[in-house]
Amino acid sequence: MTMSRISFTEHYAAVMETMTKRGLLLCAYDAKGKPNAMTIGWGAVGSIWGIPVWMVLVRPSRYTFECIEHTGCFTVNAPTEDMSSACAMCGSRSGRDEDKLAAAGLASHKAQHVLAPIIEHCPVVYECQVVHSNDVLPSKLSDEILSGAYVNGDYHRVYYGKILNAMAAKDASSLLK
Ligand SMILES: Cc1cc2nc3c(=O)[nH]c(=O)nc-3n(C[C@H](O)[C@H](O)[C@H](O)COP(=O)(O)O)c2cc1C
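Numbering that gives the first Met the number 0 applies: residue 0 is where the sequence shown begins, and numbers increase by one.
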């Protein structure tokens, strides 16, 4: 799949729709350099501090949390529909216990601008460097969200990743349908 550099706003609608349908793959290397991928259904792209930013929410129980804490980098990868079963696997098993990419039949290579893996055959990918993080505070949450998303605690850490590079395949939006 030939990828070209894009503006971070390009293919926005298709990426957001993919996130709500089958999830996106949030990827990072662990301390030993093993690539890991975790499915995410929550996140946002925007402009903060005058820079393009991906905000992702990661619970401390996730292996991905350890990985991002270690490297300070991540990628966000938008998968095609035929990667749906790989997304389900990456969203239910932990890279703490196995090489999840191998188990899911996914291949990766190192990103160009950050120390994080990119999943091959994803039509849109973003390379991000953490510039800030903060933790979701139970005392500041509405009762609705507290009782819905945090019955077991495990309050997300929100990572703000400066988008250093965004790449897409030609016709990425239709490939994501
Ligand atoms: C559709 C879907 C969306 C998910 N979204 C998130 C999310 O935004 N944040 C999060 O911490 N976990 C989320 N998860 C759960 C993680 O993907 C799951 O716990 C995963 O096994 C963690 O992998 P890891 O331990 O290798 O990091 C989601 C799972 C699915 C199936």
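In this text, a Cβ means the ideal position worked out from N, Cα and C, and glycines have one as well. Note that the coordinates shown come from a computational prediction; the quantities given were computed from them, not determined experimentally.
> In whole angstroms, what separates the C-alpha of Gln128 from that of Arg156?
Replying inline: 15 Å
> Any heavy atom of ligand 3 within a distance shorter than 7 Å of the CB on Trp41?
Replying inline: Ligand 3 is absent from the structure shown, which contains only ligand 1.
>> I believe Tyr125 touches Trp41 by the beta-carbon criterion, under 8 Å. Please report the beta-carbon distance rounded to the nearest angstrom.
In response: Incorrect: roughly 15 Å between the Cβ atoms, too far for contact.
> Which residues mark the beginning and the end of the alpha helix (DSSP H) in which Asp142 is found?
Replying inline: 142-148
> Cα-Cα, which of Tyr154, Lys161, Asn164 is closest to Phe64?
Replying inline: Tyr154
>> Let's see if you can read the secondary structure: which residues bound the alpha helix (DSSP H) around Lys99?
In response: 99-103
> With C-beta atoms as the reference, is Leu174 less than 8 Å away from Pro122?
Replying inline: yes
> Should Pro137 go down as buried or exposed, given a rule of 16 or more other Cβ atoms within 10 Å for buried?
Replying inline: exposed
>> If we require 4 or more residues per run, which alpha helix (DSSP H) segments fall completely within the region 10-41?
In response: 11-20
> Would you say Ala27 and Cys72 are within 8 Å of each other, going by their C-beta atoms?
Replying inline: yes
>> Only counting the same chain, and skipping five residues up and downstream in sequence, which positions put a Cβ closer than 7 Å to that of Glu119?
In response: Ala106, Ser107, His108
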